[in-house]
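Numbering (our numbering), first residue to last: 2 to 730.
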């Protein structure tokens with residue numbers, strides 16, 4: 002008896018230090034991050050404040066935006082890094098479902114300069130194919146994988162912080178909880194908002210945004226990983242009766258009601274010791290992704306308001322530093338081997354494998370993602386996803402490619418119209434056909450058609466000289482009628498001429514991928530000038546000419562948007578010289594264009610342009626036009642005809658508002674300052690002085706194309722109003 006009592010006393014004495022340490026250990030805090038679209042950036046601010054207070058997070062459960070923030074933090078991504086990635090992300094590109102224009106191969110984006118509708122149809126096996134209408138989430142998928150460094154874990158408990166993500170089974174409506182596997186897939190499934198992101202297929206189920214089943218995933222953390230829960234609700238509050246006046250507001254309220262019931266059910270599961278935080282997010286909508294920095298700050302302020310309630314969870318500085326050291330993310334992953342799978346009808350799988358595969362050394366994850374982006378930007382794949390796995394000491398990326406349903410024969414249509422007061426109006430129907438992957442090297446056949454007052458037909462065979470080669474050959478032919486009007490100095494239109502051109506070209510070139518191209522070639526052309534309207538005295542201007550010559554074309558294009566660019570540069574240089582004419586008739590033609598756009602504060606863009614076109618030599622050469630909307634406004638389109646013309650222009654335009662994606666992207670208001678000069682004008686063979694001008698305009702980037710209305714004047718011109726659909730400058 003005495004012996005056993007001794008051992009009990011010894012055991013108690015041994016346990017006393019441990020009990021003292023346990024009593025000093027703060028309770029464990031679990032964090033529940035609810036859904037709310039862009040309002041979910043407030044979660045990041047709350048987590049930043051927890052770090053400032055030295056409060057460790059024991060476990061995280063997230064839905065939708067909460068899964069995005071929580072999953073990245075649980076994977077070991079530093080909060081400051083995360084905030085920087087969000088702040089510098091191009092959310093318009095990430096949410097558009099399209100590759101950034103700067104990533105698109107130059108040959109593919111030439112059509113952007115023509116006002117085609119942003120919709121492609123296809124022809125395959127003798128039938129017309131219509132796009133499936135699914136929203137593409139390629140860009141956001143890669144962004145999430147960048148955030149998480151493509152983590153794949155047998156259990157999310159092995160992450161830096163244990164984590165759970167919640168999605169919704171689209172068929173049953175049940176909540177689906179991710180606790181293992183591909184972390185980025187779990188995050189994407191949880192935030193697959195119907196109508197914004199495409200559905201995620203996983204284990205035979207179709208998954209969408211977790212907010213439809215569990216907006217606040219409280220019960221996921223009730224299993225013992227935390228003593229107290231901090232539940233952060235960033236959902237949009239309901240609208241009042243007087244606010245329900247429009248279809249959009251009613252639709253928003255319907256969405257709120259869909260998640261309100263399950264939110265209440267989850268809040269009812271909170272225990273007395275748990276904390277509920279609702280950051281003040283008035284003025285922020287679920288679509289305000291570009292305002293992420295302001296929303297983060299709102300979350301930080303909200304957490305500061307409950308600092309006293311969070312104090313019991315804080316650790317001493319040295320203990321918190323030790324905890325943080327365990328949260329360090331693994332070094333950025335590398336890809337040792339790439340395996341490509343898919344059902345391929347027209348894309349060559351060997352070429353795809355070659356473009357994505359690692360070289361002798363492993364690829365850094367960022368480089369691999371860059372290659373995926375470049376291949377996707379080619380435009381022939383609906384999706385290009387992958388899953389990383391560790392096998393036999395190697396990181397293997399299993400890539401799944403899905404061809405575009407409408408490929409490889411793509412059809413686009415469009416229209417262009419313009420009008421000027423005291424001048425003529427023009428209208429044209431536009432069409433484009435593109436057949437890609439004619440062979441394993443990536444040969445392409447392109448056709449363009451314009452119907453209207455100035456008809457045009459162009460066809461080109463474009464052939465890389467080897468698989469993935471930047472060296473290419475091209476054969477092309479073009480027929481075009483251009484309308485030129487002869488104006489007197491009093492702005493009176495005296496005559497209209499049709500200048501018809503038929504030309505065939507054979508070029509060799511170098512493809513600079515998404516940046517541009519260089520072509521050197523030969524051409525043969527026939528031109529004919531004929532009078533359309535005007536006095537008989539002008540009928541003597543009829544003439545025909547045939548020529549063969551050499552040409553050089555250089556193009557560079559890194560504008561983010563050719564319609565209303567906000568960033569980037571473009572440059573063009575062309576030179577043609579006929580060699581079959583008599584010595585006293587020979588001339589050469591030069592064209593130069595420089596274009597730059599820079600985004601300024603307050604959503605204002607500065608766009609500057611310099612352009613020169615001219616013929617030099619002994620012959621008459623070509624004729625070039627100046628005048629029209631933002632091309633020396635105050636003159637009619639093409640009013641100044643001369644052997645050489647130059648234009649300098651600076652435009653300032655403000656993106657006044659966004660547009661729903663179904664209508665376009667933005668509304669603009671701006672001003673253009675221009676100066677133009679003409680040498681050897683057709684009317685009197687004189688040189689003009691530099692003619693300053695100015696234009697005030699409103700515009701919109703719509704699904705039908707860039708729309709503009711404006712009024713302008715220039716020295717020697719007259720006040721002129723303009724309307725246009727399609728880029729006229």
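Glycine included, every Cβ here is placed at the ideal spot set by N, Cα and C.
- Non-local beta-carbon contacts of residue 675 in its own chain, meaning distances under 6 Å to residues more than five positions away in sequence, involve 633, 650, 694 in chain order.
- Note on geometry: alpha-carbon atoms of residue 117 and residue 100 lie some 17 Å from one another.
- Secondary structure note for residue 696: it is in no alpha helix (DSSP H), and the uninterrupted beta strand (DSSP E) holding it is 692–703.
- According to DSSP, residue 644 shares a beta bridge with no other residue.
- Between the stretch 295–309 and the stretch 108–123, the count of C-beta pairs closer than 8 Å stays below three; the two stretches do not touch.
- When the alpha-carbon of residue 389 is set against those of 399, 705, 380, 381, the nearest one is in 399.
- With respect to the 9 Å criterion, residue 557 and residue 613 are not classified as neighbours on the basis of their beta carbons.
- With contacts defined as CB atoms closer than 9 Å, residue 503 and residue 527 qualify as a contacting pair.
- Where residue 436 is concerned, there is no enclosing alpha helix (DSSP H), although the beta strand (DSSP E) around it starts and stops at 426–436.
- Our two residues, residue 464 and residue 723, have alpha carbons roughly 41 Å apart in a direct line.
- Exposure of residue 265 is indicated by the presence of fewer than 16 other C-beta atoms within 10 angstroms of its C-beta.
- In the same chain as residue 29, and ignoring 5 residues on each side of it, the C-beta atoms closer than 6 Å to its own belong to 59, 227, 228, in chain order.
- Per DSSP, residue 295 is one residue of the alpha helix (DSSP H) stretching across 293–305.
- CA-CA distance, residue 32 to residue 303, rounds to 15 Å.
- Annotated three-state conformation of residue 595 is strand, per DSSP.
- Between residue 496 and the set 424, 720, 449, the nearest pair of CA atoms involves 424.
- Going by beta carbons, residue 157 and residue 95 fall outside the 9 Å limit.
- Sixteen is the threshold: since fewer than 16 other Cβ atoms of the shown chains lie within 10 Å of the Cβ of residue 580, the residue is exposed.
- Counting along the chain, residue 126 sits inside no beta strand (DSSP E), nor does DSSP assign it H or E at all.
- Excluding residues up to 5 positions away in sequence, 409, 410, 445, 446 lie with their Cβ nearer than 7 Å to the Cβ of residue 436 in the same chain.
- Residue 263 sits in a helix when the DSSP states are folded into three classes.
- The beta-bridge partner set that DSSP reports for residue 327 is empty.
- For the 9 Å CB-CB criterion, residue 682 and residue 641 form a contact.
- In the displayed model, residue 419 falls within a strand according to three-state DSSP.
- In this structure, the beta-carbon distance from residue 39 to residue 233 does not fall below 9 Å.
- Residues of the same chain with a CB within less than 6 Å of the CB of residue 124, apart from the 5 flanking positions on each side, are 410 in chain order.
- Excluding its 5 nearest sequence neighbours in each direction, residue 715 has C-beta neighbours in its own chain below 8 Å: 633, 634, 635, 636, 675, 677, 692, 693, 694, 695, listed in chain order.
- Scanning 103, 56, 451 for the CA closest to the CA of residue 482 turns up 451.
- Cβ contact annotation for residue 664 (same chain, cutoff 8 Å, sequence separation greater than five): 703, 704, in chain order.
- A Cβ-Cβ separation of about 6 Å places residue 305 in contact with residue 50 under the 8 Å criterion.
- Counting along the chain, the unbroken beta strand (DSSP E) around residue 387 starts and ends at 382–392.
- In the displayed model, residue 365 falls within a strand according to three-state DSSP.
- Beta-bridge pairing by DSSP links residue 721 to 713.
- With fewer than 16 other Cβ atoms inside 10 Å of its own Cβ, residue 119 counts as exposed.
- DSSP, reduced to helix, strand and coil, places residue 117 within a strand of the structure shown.
- An exposed status is given to residue 173, since fewer than 16 other beta-carbon atoms sit within 10 Å of its beta-carbon.
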